[in-house]
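Participant: Before I ask anything, let me first share the structure, which is written out below as structure tokens.
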Amino acid sequence: MSPAASGATTTAAVQHRCGSTVGLTAFRSVAHPSRGSTDVLPSRSGVHIGGPEPSTSTQLLLYEAPGCPAGDPQSVPDRLEQATPREPSLSRGNPQVTGCPPVVPKLSPGPGWLRAHADAQGALSGPWFAPPGRWPLHDPGRPGSSITSSRALGRWVPNPFDDLTIGGGALAAAANPFRPGMGRIPPDFGGREDALLRARIVVEQLAAAVAPEFVLYRGVRGVGKTALLAYVRQRARELGLATIHVEADRDDTELARATSVLFRGLEDVAAAAPGLSLAGLATVRSGSRGPELAGRADAERFEGLIGDLAELAGRSSRGVLLTIDEVHEAGDVLLGPLLRAAHAAAQDDRPFGVLLSGLPTAAENLFDEGQTYTERLARVDLGLLDRAGTAEAIRRPFDRVAGASVDVAVLDAVHDASGGYPWFVQLWGEALWDLATDPLHIELPVARAAGARVRVRVDDFYATRWRRVPSGRAQLLVQALAEQGGEAAMGDLLEVVDITHQAASPARRSLLDLGICWAPQRGRLAFSVPGFERWVLATRPAEV
Ligand SMILES: Nc1ncnc2c1ncn2[C@@H]1O[C@H](COP(=O)(O)OP(=O)(O)OP(=O)(O)O)[C@@H](O)[C@H]1O
Ligand SMILES: [Mg+2]
1145 MSPAASGATT
1155 TAAVQHRCGS
1165 TVGLTAFRSV
1175 AHPSRGSTDV
1185 LPSRSGVHIG
1195 GPEPSTSTQL
1205 LLYEAPGCPA
1215 GDPQSVPDRL
1225 EQATPREPSL
1235 SRGNPQVTGC
1245 PPVVPKLSPG
1255 PGWLRAHADA
1265 QGALSGPWFA
1275 PPGRWPLHDP
1285 GRPGSSITSS
1295 RALGRWVPNP
1305 FDDLTIGGGA
1315 LAAAANPFRP
1325 GMGRIPPDFG
1335 GREDALLRAR
1345 IVVEQLAAAV
1355 APEFVLYRGV
1365 RGVGKTALLA
1375 YVRQRARELG
1385 LATIHVEADR
1395 DDTELARATS
1405 VLFRGLEDVA
1415 AAAPGLSLAG
1425 LATVRSGSRG
1435 PELAGRADAE
1445 RFEGLIGDLA
1455 ELAGRSSRGV
1465 LLTIDEVHEA
1475 GDVLLGPLLR
1485 AAHAAAQDDR
1495 PFGVLLSGLP
1505 TAAENLFDEG
1515 QTYTERLARV
1525 DLGLLDRAGT
1535 AEAIRRPFDR
1545 VAGASVDVAV
1555 LDAVHDASGG
1565 YPWFVQLWGE
1575 ALWDLATDPL
1585 HIELPVARAA
1595 GARVRVRVDD
1605 FYATRWRRVP
1615 SGRAQLLVQA
1625 LAEQGGEAAM
1635 GDLLEVVDIT
1645 HQAASPARRS
1655 LLDLGICWAP
1665 QRGRLAFSVP
1675 GFERWVLATR
1685 PAEV
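Residue numbers are given in this note's numbering: position 94 of the sequence shown equals residue 1238, and the series is strictly consecutive.
Printed below as a string of structure tokens:
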């Protein structure tokens, strides 16, 4: 079998693997740039379920047209290809490529069958689409039927280790750039120009030993706050900045933990600048093993430590970037001293930067109180990706890493299904890559397969979310919110569940604190993940 040009689609007449009957199966060539080879492999455009006897002059080819009930992502029609073999007779033991015909893209409108006729010279007419039941599979006796005989082959169950095209395989799995998972840096941040620009300004100023403003990124769970901070730290380190990362914790010991992380950062900054004078730094004294923390880790110490860190940054002329994630957990006990010290450092023009991130309500109290040190804190809200953002997050990695183009219809399908929720977008990207059947083009059939895979993960995710909803009123609120389409005025919800504002308040708070809901506006409640309402309504999870 001679491979066709890389990436091209062709068809071939072959002996079916099961060996019982000869039929026509669509083939496509798949280039493997990483392996430097091209394979000619069975296309997944149809499952060959029956075939003609080789000696008959007219042949009927039956392919199962892929399709599922409406609404299922798998029901996106496939592309069908027409085979025009040159050899008049296709006999057993003659697994030759017999033609490289023009590709006839044609969409089947749903489940059904394709049929095509081949004459004695092997020229094909068709294929035609037939809805289920319209043409019986085996109809040798029908008047005018061209079928002389046929029989079912059964399904061939291949081994994915032997056949790399099972479930895709056109792109090397190891090179998959998509990163679904908490805090993982995506290959491309779709729709985050503003957020990245703010961070870039901070990093550039620090690199130039200038005091930047502080930035607080806020958004519901899964919009990419942790990933963004991680990315900015990476870029900051490339520019020679020292970076320190703290993940805030609700635990009482939070300040102790944050303090010890800060302290290690302080040690690194001091160690990188030998000969630096530590004189006058309240929390640091030079010991035989380097600087050590003196005293307890309370709020005052913590504030002092931040101040010293900023001072060190100034003395060593090396910018320090501190990132603090999950600030909503910390509460004012951490934020108060942190922002006070950072504010003071900025007044002294120290190259000390702070990027914070948390749920939409993070630091609300501090802003409400109008503390002066919040003046330098810019707020950037991270929401769901818009259509262009989703498209970029998918399109760019395929283009950059594989030189592959993604069909606009696929990009639209990903946005519609994911609602622009970044974690879902990564799941989609990962699945599209793994299931790609063509190394250069990602088209709807791949999206259909990817959709089925993503749906399993997303359903699991929704189920886990539901399990985290406290039983009782919180569950009632979630169900009522689902009925209202996922966003509603609290007043309307309370009418449905028939409880007072006061009685619902703890339940509402727990939903907000858990990140299951958020308040897009005062007095309103909404699910923080798109599609959760559909899942709740469809699944009707265990009643309270
Ligand atoms: N702009 C983006 N475009 C595409 N994918 C993104 C984008 N931002 C983040 N992601 C992906 O979204 C997923 C969730 O990111 P991340 O864990 O940073 O969210 P988070 O806001 O910190 O969530 P949580 O509040 O639960 O901690 C990751 O897989 C990440 O790669
Ligand atoms: Mg996070």
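Heads up, the beta-carbon is just placed ideally off N, CA and C, and yes, glycines get one too.
At which residues does the alpha helix (DSSP H) containing F1568 begin and terminate?
Facilitator: Here residue 1568 corresponds to residue number 424 of the sequence shown, with the count starting at 1. Element bounds for F1568: P1566 to L1579.
Participant: Using the Cα positions of A1682 and F1333, report the straight-line distance between them to the nearest angstrom.
Facilitator: Along the sequence shown, read from residue 1 onward, the residue named residue 1682 stands at position 538. Along the sequence shown, read from residue 1 onward, the residue named residue 1333 stands at position 189. Each residue's alpha carbon lies about 32 Å from the other.
Participant: What are the residues that DSSP puts in a beta bridge with Y1361?
Facilitator: In the sequence shown, counting from the first residue as 1, residue 1361 sits at position 217. S1501 and V1524, per the DSSP bridge assignment.
Participant: Looking at L1529: is its Cβ nearer than 8 Å to the Cβ of V1554?
Facilitator: What you label residue 1529 is simply residue 385 of the sequence shown in a count that begins at 1. What you label residue 1554 is simply residue 410 of the sequence shown in a count that begins at 1. No, they are not a contact pair.
Participant: Opposite E1631 in the DSSP bridges: which residues?
Facilitator: Numbered from its first residue, the sequence shown carries residue 1631 at position 487. Paired residues: A1670.
Participant: The alpha helix (DSSP H) that contains L1466, what's its start and end?
Facilitator: What you label residue 1466 is simply residue 322 of the sequence shown in a count that begins at 1. Taken as a continuous stretch (DSSP letters only), L1466 belongs to no alpha helix (DSSP H), being part of the beta strand (DSSP E) at V1464 to D1469.
Participant: Mind reading off the beta-carbon distance from A1355 to F1542? Whole number of angstroms is fine, and I expect it under 8 Å.
Facilitator: On the sequence shown, residue 1355 is found 211 positions in, with the first residue counted as 1. On the sequence shown, residue 1542 is found 398 positions in, with the first residue counted as 1. About 40 Å separates the two Cβ atoms, so there is no contact after all.
Participant: L1521 and L1483 look like a contact to me (Cβ under 8 Å); what is the Cβ gap, rounded to whole Å?
Facilitator: As a working note, residue 1521 is residue 377 in the sequence shown. As a working note, residue 1483 is residue 339 in the sequence shown. Right, the Cβ-Cβ distance comes to about 7 Å (below 8 Å), so this counts as a contact.
Participant: Taking only runs that begin and end inside the stretch 1304-1358, name each unbroken alpha helix (DSSP H) of 4 or more residues, in chain order.
Facilitator: Fully enclosed alpha helix (DSSP H) runs of 4 or longer: 1337-1351.
Participant: Using the Cα positions of T1182 and F1605, report the straight-line distance between them to the nearest angstrom.
Facilitator: Here residue 1182 corresponds to residue number 38 of the sequence shown, with the count starting at 1. Here residue 1605 corresponds to residue number 461 of the sequence shown, with the count starting at 1. Unreliable positioning characterises T1182 in this predicted model, as indicated by a pLDDT of 37, which lies under 50. The coordinate reading is nonetheless provided below. Roughly 38 Å separates the two Cα atoms.
Participant: Going by C-alpha to C-alpha distance, which of R1611, V1471, G1419 and L1479 sits closest to S1460?
Facilitator: On the sequence shown, position 316 is the one that residue 1460 refers to. The candidate whose alpha carbon is nearest that of S1460 is G1419.
Participant: Is G1563 close to ligand 2? I mean its beta-carbon at under 7 Å from any heavy atom of the ligand.
Facilitator: On the sequence shown, residue 1563 is found 419 positions in, with the first residue counted as 1. Incorrect: G1563 has no Cβ contact closer than 7 Å to ligand 2.
Participant: Since T1387 sits in a beta bridge, which residues does DSSP pair it with?
Facilitator: Locating residue 1387 in the sequence shown gives position 243, counting from the first residue. Partner(s): L1465.
Participant: For the candidate residues L1620, R1597 and G1547, whose alpha-carbon lies nearest to that of A1316?
Facilitator: Position 172 of the sequence shown, counting from 1, holds the residue named residue 1316. Ranking L1620, R1597 and G1547 by Cα distance to A1316 puts G1547 first.
Participant: How is I1660 classed by DSSP in three states: helix, strand or coil?
Facilitator: On the sequence shown, position 516 is the one that residue 1660 refers to. The answer is coil: DSSP assigns I1660 none of H, G, I, E or B.
Participant: Between which residues of its own chain and A1670 is the CB-CB distance below 7 Å, once the five residues before and five after are set aside?
Facilitator: Translated into positions along the sequence shown, residue 1670 becomes position 526. Within the same chain, A1670 has close Cβ partners G1630, E1631, C1661, W1662 and P1664.
Participant: Per the DSSP calculation, H1585 is bridged to which residue(s)?
Facilitator: Stepping through the sequence shown from its first residue, residue 1585 is reached at position 441. S1549.
Participant: Quick one: residues in its chain with C-beta nearer than 6 Å to the C-beta of T1387, no 5 flanking neighbours on either side, listed in chain order?
Facilitator: As a first step, residue 1387 must be located in the sequence shown, where it is residue number 243. Same-chain partners within the cutoff: R1377, A1380, R1381 and L1465.
Participant: In whole angstroms, what separates the C-alpha of P1614 from that of A1651?
Facilitator: Translated into the one-based positions of the sequence shown, residue 1614 becomes position 470. Translated into the one-based positions of the sequence shown, residue 1651 becomes position 507. Near 8 Å, if we compare the C-alpha coordinates of A1651 and P1614.
Participant: Using the C-alpha atoms, what's the distance from F1322 back to P1287?
Facilitator: Here residue 1287 refers to the residue found at position 143 of the sequence shown. Here residue 1322 refers to the residue found at position 178 of the sequence shown. At P1287, the pLDDT of 41 sits below 50, so the modelled position is not reliable and the matter cannot be decided from this model.
Participant: To the nearest angstrom, how far is it from the Cα of E1677 to the Cα of Q1628?
Facilitator: Here residue 1677 corresponds to residue number 533 of the sequence shown, with the count starting at 1. Here residue 1628 corresponds to residue number 484 of the sequence shown, with the count starting at 1. Whole-angstrom Cα-Cα distance: 8 Å.
Participant: Do the CB positions of V1498 and R1342 come within less than 8 Å of each other?
Facilitator: Within the sequence shown, residue 1498 is the residue found at index 354, counting from 1. Within the sequence shown, residue 1342 is the residue found at index 198, counting from 1. Contact: no.
Participant: By a C-beta neighbour count over all protein chains shown, 10 Å radius and 16 as the cutoff for buried, is E1513 buried or exposed?
Facilitator: Indexing the sequence shown from 1 puts residue 1513 at position 369. By the neighbour-count rule (16 or more Cβ atoms within 10 Å), E1513 is not buried but exposed.
Participant: Under 7 Å Cβ to Cβ from A1353, same chain only, skipping five residues before and after it: list those, please.
Facilitator: Here residue 1353 refers to the residue found at position 209 of the sequence shown. Taken in chain order, the residues that qualify are S1461, G1463 and P1495.
Participant: Spatial neighbours of A1099 within its chain, please: CB distance less than 6 Å, with the 5 preceding and 5 following residues excluded, ordered by chain position.
Facilitator: Residue 1099 lies beyond the residue range present for the chain, which begins at 1145 and ends at 1688; the question has no answer from this structure.
Participant: Compare the C-alpha of L1526 against each of T1370, A1596, G1475 and D1412 and name the closest.
Facilitator: As a position in the sequence shown, residue 1526 is number 382, starting the count at 1. The candidate whose alpha carbon is nearest that of L1526 is T1370.
Participant: Hey, which unbroken runs of the alpha helix (DSSP H) at 4 residues or more fall wholly within the stretch 1590-1653?
Facilitator: Within the stretch 1590-1653, the complete alpha helix (DSSP H) runs of at least 4 residues are 1617-1627 and 1634-1641.
Participant: Ordered along the chain, which non-local residues of its own chain (more than five positions away) have a Cβ less than 6 Å from that of L1655?
Facilitator: Indexing the sequence shown from 1 puts residue 1655 at position 511. Same-chain partners within the cutoff: A1618 and C1661.
Participant: Going by the C-beta, is T1370 closer than 7 Å to any heavy atom of ligand 2?
Facilitator: Counted from its first residue, the sequence shown places residue 1370 at position 226. Within the cutoff, so yes.
Participant: Is the stretch 1551-1566 in contact with the stretch 1591-1600, if contact means three or more CB pairs nearer than 8 Å?
Facilitator: Contact between the stretch 1551-1566 and the stretch 1591-1600 is present, because at least three Cβ pairs lie under 8 Å.
Participant: I'd like to confirm something about Q1623: is its beta-carbon nearer than 7 Å to some heavy atom of ligand 1, or not?
Facilitator: Against the sequence shown, residue 1623 aligns to sequence position 479. No, the Cβ of Q1623 stays beyond 7 Å of every heavy atom of ligand 1.
Participant: With respect to the alpha helix (DSSP H) encompassing G1460, which residues constitute its N-terminal and C-terminal limits?
Facilitator: Position 316 of the sequence shown holds residue 1460. Residue 1460 is actually Ser in this sequence, not Gly. Note, S1460: alpha helix (DSSP H), A1443 to S1460.
Participant: Could you spell out the range, first to last residue, of the alpha helix (DSSP H) harbouring D1492?
Facilitator: As a position in the sequence shown, residue 1492 is number 348, starting the count at 1. D1492 -> no alpha helix (DSSP H), and no H or E assigned at all.
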